[in-house]
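In full-length UniProt numbering, the protein residues as written are 1 to 123.
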Amino acid sequence: MPGKVDNVFFADCAARSFFDQVANKWSVMILTVLEEKPTRFNEFMRRLEGITHKALTQALRRLERNGLISRRVLATSPVAVEYSITDLGRTLQVPFGAVYEWAINHLRHIEEAQENYDARANT
């Protein structure tokens with residue numbers, strides 16, 4: 001097993017490329033929103049405070065390319081696009097949920113560590 005894990009350190013490793021594309025804050029938040037229900041672009045813009053149009057577009061394309069979400073054009077006037085989480089995307093709920101829970105459970109410790117670091121760095 002160590003050999004398989006070590007491969008992630010190589011620049012051409014497919015898993016490394018996947019981590020670069022998917023393991024970022026916007027992708028995780030988009031997948032979390034989609035766990036609730038299919039969502040349109042403008043609803044993402046309203047829900048994900050701080051995301052730019054460009055960042056959302058790029059994240060949605062990456063997630064779709066990796067098979068984690070699907071995109072459906074709705075025959076409405078004006079034309080709308082709706083995004084849904086795929087079965088493959090749902091498989092990330094448990095690991096992402098575990099990371100989220102860990103962050104919530106350790107937030108106080110993280111904040112203390114940041115304050116201690118900042119105090120040392122500013123002296």
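Glycine residues also receive a C-beta, built at the ideal position from the N, C-alpha and C atoms.
Point to revise | DSSP state of residue 79 mapped onto helix, strand, coil | key: Translated into positions along the sequence shown, residue 79 becomes position 79. In this structure, residue 79 counts as coil in the three-state DSSP scheme.
Exercise for review: State whether the stretch 62 to 69 contacts the stretch 7 to 26, with contact taken as three or more CB pairs (one from each stretch) at a distance under 8 angstroms.
Suggested key: Short answer: they touch.
Practice item. Using the DSSP secondary-structure output, state which residues sit across from residue 40 in a beta bridge. Key: The residue labelled residue 40 in the question sits at position 40 within the sequence shown. DSSP, once it has assigned bridges, lists 82 as partnering residue 40.
Review point. Terminal residues of the continuous beta strand (DSSP E) containing residue 51?
Key: Translated into the one-based positions of the sequence shown, residue 51 becomes position 51. Note, residue 51: premise wrong, no beta strand (DSSP E); not H, not E.
Check your understanding: So what does DSSP say about residue 68, is it helix, strand or coil?
Key -> Numbered from 1 along the sequence shown, position 68 holds the residue referred to as residue 68. Correct three-state label for residue 68: coil.
Review point. Just reading off the alpha helix (DSSP H) that residue 19 is part of, what are its end residues?
Key: Mapped onto the sequence shown, residue 19 falls at position 19. Counting along the chain, the unbroken alpha helix (DSSP H) around residue 19 starts and ends at 14 to 22.
Check your understanding: Looking at the structure shown, is residue 31 part of a helix, part of a strand, or coil, going by DSSP?
Key -> Against the sequence shown, residue 31 aligns to sequence position 31. Looking at residue 31 - three-state DSSP - the assignment turns out to be helix.
Check your understanding: How do the stretch 52 to 59 and the stretch 81 to 95 stand: do at least 3 beta-carbon pairs fall below 8 angstroms, yes or no?
Key -> Contact fails: fewer than three Cβ-Cβ distances are below 8 angstroms.
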